[in-house]
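A.B. asks:
2 protein chains.
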Amino acid sequence: MGTPFEDMAEIDRLVHEPSRLAITSALSSCESADFLFLQRITGLSKGNLSSHLSKLEKGGIVAISKNASGPPRTTIRLTPAGREVVAEHWERLTRLRDAARDWTASQE
Amino acid sequence: MGTPFEDMAEIDRLVHEPSRLAITSALSSCESADFLFLQRITGLSKGNLSSHLSKLEKGGIVAISKNASGPPRTTIRLTPAGREVVAEHWERLTRLRDAARDWTASQE
DNA sequence: TCCCTAAGGTTTGTGTTGCAAACCAGACTT
DNA sequence: AAGTCTGGTTTGCAACACAAACCTTAGGGA
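Residue numbers (my numbering), protein chains in the order written: chain A, 1 to 108; chain B, 109 to 216.
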């Protein structure tokens with residue numbers, strides 16, 4: 001029920017935001033990645049990356065682990081739930097795009 | 109140059125926002141649509157729809173025309189430039205998703 | 001003619017974001 | 001001791017999304 005257009009209202013803005021879309025996409029192709037690696041491939045500043053990761057963590061999308069002793073080093077991975085949310089998000093986008101392509105019905 | 113992840117930084121937030129993604133998608137499948145029609149299929153409130161349309165208009169994505177006399181009636185269509193921006197946006201998203209799928213290189 | 005209502009928008013107010021820039025702090029190196 | 005690398009937090013601000021209040025024109029009834 002509801003057009004794919006209405007469906008967009010339910011989109012998950014947590015994942016949809018461009019920087020976070022980049023982060024989750026990068027993570028979805030690997031088991032885990034560390035902070036500096038994510039920073040390099042996304043081009044984000046560390047402050048920015050840090051706050052995006054905090055939001056993703058709070059939302060249960062990623063898990064963050066730091067090694068307590070030794071040099072600071074942070075490892076990030078998608079949680080199983082996060083992996084699902086990300087997949088669902090892409091499916092929603094795909095549905096919308098396909099609907100836009102195929103949809104020529106009752107306009108008035 | 110630059111990974112598709114970095115590429116996301118250049119995403120057009122004007123189009124990327126969920127409601128506007130729905131609006132532009134709906135418009136891309138038809139020549140033009142009127143205000144009430146867009147409101148029905150997107151499920152947006154009129155106030156909200158109005159402000160989204162204003163932003164899209166200011167950004168050159170859509171053209172808005174109103175019939176001066178008679179009952180109020182507003183017609184919206186994608187501009188040629190807007191059609192291009194929207195297409196480019198979807199291509200960028202597709203590139204990102206495909207990259208996430210295919211990309212298993214050098215994760216140190 | 002004068003209200004009344006409804007359609008179709010626009011404006012305003014408010015809380016939330018995203019971002020840059022500044023600051024902080026532990027561990028190694030020299 | 002000084003410097004650098006790592007991984008952050010905090011602060012300040014401008015832009016945004018949304019809801020709710022407001023405005024305007026058209027037509028209907030008395």
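We put the beta carbon where it would ideally sit given N, CA and C, even for glycine.
Note that the structure is a prediction, hence the values are computed from the model and not measured.
(1) Any beta carbon from chain B within less than 8 Å of isoleucine 61 of chain A's own beta carbon?
(2) Please classify proline 180 of chain B as buried or exposed, where buried requires at least 16 other C-beta atoms within 10 Å of its C-beta.
(3) Please list the partners that threonine 3 of chain A has in chain B, where partner means a Cβ-to-Cβ separation under 7 Å.
(4) Assuming glutamate 114 of chain B and glycine 43 of chain A form a contact by the criterion Cβ under 8 Å, report the distance between their Cβ atoms to the nearest whole angstrom.
(5) Which residues in the same chain as glutamate 108 of chain A place their Cβ atom closer than 6 Å to its Cβ, once the five residues preceding and following it in sequence are excluded?
(6) Is it buried or exposed, alanine 208 of chain B, if we count other Cβ atoms within 10 angstroms and call 16 or more buried?
(7) Can you check the segment 44-81 of chain A for any beta strand (DSSP E) of at least 3 residues that lies completely inside it and give the ranges in chain order?
(8) Quick check on DSSP: helix, strand or coil for aspartate 120 of chain B?
(9) When we look at the beta-carbon of alanine 68 of chain A and count the other beta-carbons within 10 Å, is it buried (16 or more) or exposed?
(10) Give the interface partners of isoleucine 119 of chain B over in chain A, defined as CB-CB distance under 7 Å, in chain order.
(11) Are the Cβ atoms of leucine 204 of chain B and proline 112 of chain B separated by less than 8 Å?
(12) Taking C-beta pairs closer than 9 Å, name the residues in chain A that lysine 204 of chain B reaches, listed in chain order.
(13) Starting from the Cα of isoleucine 240 of chain B, find the closest Cα among B:Lys174, B:Glu192 and B:Thr202 and give me that residue.
(14) Once the 5 residues before and after threonine 79 of chain A are set aside, which same chain residues still bring their CB inside 7 Å of it?
(15) Closer than 8 Å, Cβ to any Cβ of chain B: which residues of the segment 64-95 of chain A, in chain order?
C.D. replies: Walking through what the data contain:
(1) It does not; no Cβ of chain B falls within 8 Å.
(2) exposed
(3) Ile149
(4) 4 Å
(5) Caution applies to glutamate 108 of chain A, whose pLDDT of 32 falls short of 50 and renders its modelled position unreliable; the value that the coordinates give is listed next. None.
(6) buried
(7) 62-66 and 74-78
(8) Note: aspartate 120 of chain B maps to coil in three-state DSSP.
(9) The Cβ neighbour count for alanine 68 of chain A, taken over all protein chains shown within 10 Å, is under 16; the residue is labelled exposed.
(10) Going along chain A in sequence order, the residues near isoleucine 119 of chain B (Cβ under 7 Å) are Pro18.
(11) yes
(12) Per the sequence shown, residue 204 of chain B should be read as leucine rather than lysine. Going along chain A in sequence order, the residues near leucine 204 of chain B (Cβ under 9 Å) are Leu21, Ala22 and Ser25.
(13) Chain B is shown from 109 up to 216; residue 240 of chain B falls before or after that span and cannot be answered.
(14) Gly60, Ile61, Val62 and Ala63
(15) Flagged, chain order: Trp90 and Leu93.
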